[in-house]
Structures are given as structure tokens and as C-alpha cells.
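Just so you know, we're using the numbering used here here: the sequence shown kicks off at 25 and counts up by one.
Glycine included, each C-beta is placed from N, C-alpha and C at the ideal position.
It should be emphasised that the depicted structure is a prediction, and the values quoted were computed from it without experimental measurement.
Accompanying notes for the structure given below.
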Amino acid sequence: MSLSSLLEPDRRWMKAALREAERAFEAGEVPVGAVVVKEGLLIGRGHNLVETLRDPTAHAEMIAITAACETLGAKILDGCTLYVTLEPCPMCAGAIVWARLRRLVFGAFDEKAGSASTLYNIPQDDRLNHFVEIISGVEADQAAALLQAFFRKRRS
């Protein structure tokens with residue numbers, strides 16, 4: 025089995041996260057999108073709503089995790105994967121650990137706040153009570169292009 029075929033489900037779900045990011049872009053939000061998947065089913069989705077809700081915690085990951093918890097009726101997302109278009113910040117990386125997600129799959133790296141490999145690696149910190157498998161760079165070019173288009177539009 026090739027690496028490409030192994031990553032195919034991750035690419036498919038990342039495309040769903042990218043659709044969420046596009047919704048954020050259309051709403052004037054920084055275009056980050058996220059989905060939570062369990063056993064092949066989408067159980068939570070979200071995109072940035074920081075400006076809309078005037079809430080600094082309304083990141084795509086937080087919205088998707090909350091939706092997934094509501095779907096399952098639980099605070100623990102055991103066996104779930106979070107797909108997000110941009111490497112999580114420290115707040116979101118902490119929430120990923122607290123929710124006990126099994127996997128994190130992200131697209132573009134975040135040089136300013138990335139906390140799942142770039143600046144920190146909170147989901148895999150041995151001092152914490154949970155370890156999260158991380159796959160990075162899935163559909164990274166598309167995720168980065170959407171962010172670049174947003175900030176280019178914002179500057180002009």
C-alpha cells in the first residue's frame with residue numbers, strides 16, 4: 025500500500041475542513057476550518073468565529089471540538105481525529121489534549137503561534153496526561169493559499 029493511498033482518508037477530511045475555512049473567509053474571518061471525525065463519520069465542524077462572536081476563544085478547533093462533544097454527549101473524544109487547516113495555537117493544542125483526541129491532522133504550519141510542532145508541541149508533551157498522534161502538511165498548499173488570499177485582500 026502506498027503512502028498516497030494511506031493518506032487518502034486524511035485528504036478527504038481535510039477538504040471538508042477547507043470548506044469550513046472558505047466559510048470563514050466569506051464571513052470576513054481568518055480562514056481556518058476544522059472537522060472532527062470518529063469511525064469515518066463527521067461529528068463536529070467549525071470555522072473561526074472570533075470577529076463574529078467577538079470572542080478570542082472562538083477558533084475553528086474550539087467550535088469543532090464543542091460540536092463533537094455535543095454530538096457524542098461526552099467531554100472526551102476518544103478515538104476521534106481533528107482535521108484543521110492551520111497548525112493549532114497553544115489554546116487549541118491544550119484543548120486537543122484535554123479532549124483526549126486520538127489524532128490531529130493539520131494543513132499549513134503556523135510560524136507565529138504553531139503549537140503542534142513549530143514553536144511548541146503541546147499535544148505530544150511527555151509532561152501531560154495524554155499523547156496525540158500528529159500528521160502535518162496535509163493539503164498545506166491549499167490551506168496556505170487561502171490564508172494568503174485573505175490577508176492580501178485585507179491589506180488592500
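Task: Three-way DSSP call (helix, strand, coil) for Lys-62 in this model - done: strand
Task: Cut-off 8 Å between Cβ atoms - residues of its own chain near Arg-43, not counting five sequence neighbours on either side - done: Gly-57
Open item on the list: With the cut-off set at 9 Å, would you say Met-38 and Val-156 are in Cβ contact?
Closed with: Their beta carbons are not under 9 Å apart, which means Met-38 does not touch Val-156 by this criterion.
Task: For Ala-92 and Val-121, the rounded distance between their alpha carbons - done: 15 Å
- [ ] Reducing DSSP to helix, strand and coil, say where Val-74 ends up.
- [x] Note: Val-74 maps to helix in three-state DSSP.
Open item on the list: Going by beta-carbon coordinates alone, are Leu-106 and Val-74 separated by less than 9 Å?
Closed with: no
Task: Touch test, the segment 143-150 against the segment 163-180, Cβ-Cβ under 8 Å, three pairs minimum - done: no
- [ ] Can you tell me the Cβ-Cβ gap for Asp-134 and Glu-111, rounded? I've got them flagged as a contact below 8 Å.
- [x] 4 Å
Open item on the list: Just to confirm the assignment: which complete alpha helix (DSSP H) runs, minimum length 4, are found wholly within the segment 108-172?
Closed with: 114-122
Open item on the list: Going by DSSP, what residue range makes up the alpha helix (DSSP H) through Leu-96?
Closed with: 84-96
- [ ] Can you grab the Cα-Cα spacing for the pair Val-53 / Arg-78, in whole Å?
- [x] Looking at the sequence shown, residue 53 is not Val but Glu. Between Glu-53 and Arg-78, the C-alpha separation is close to 11 Å.
Task: Beta-carbon contacts of Gly-138 that lie in its chain and below 7 Å, excluding the five residues immediately before and after - done: Glu-111
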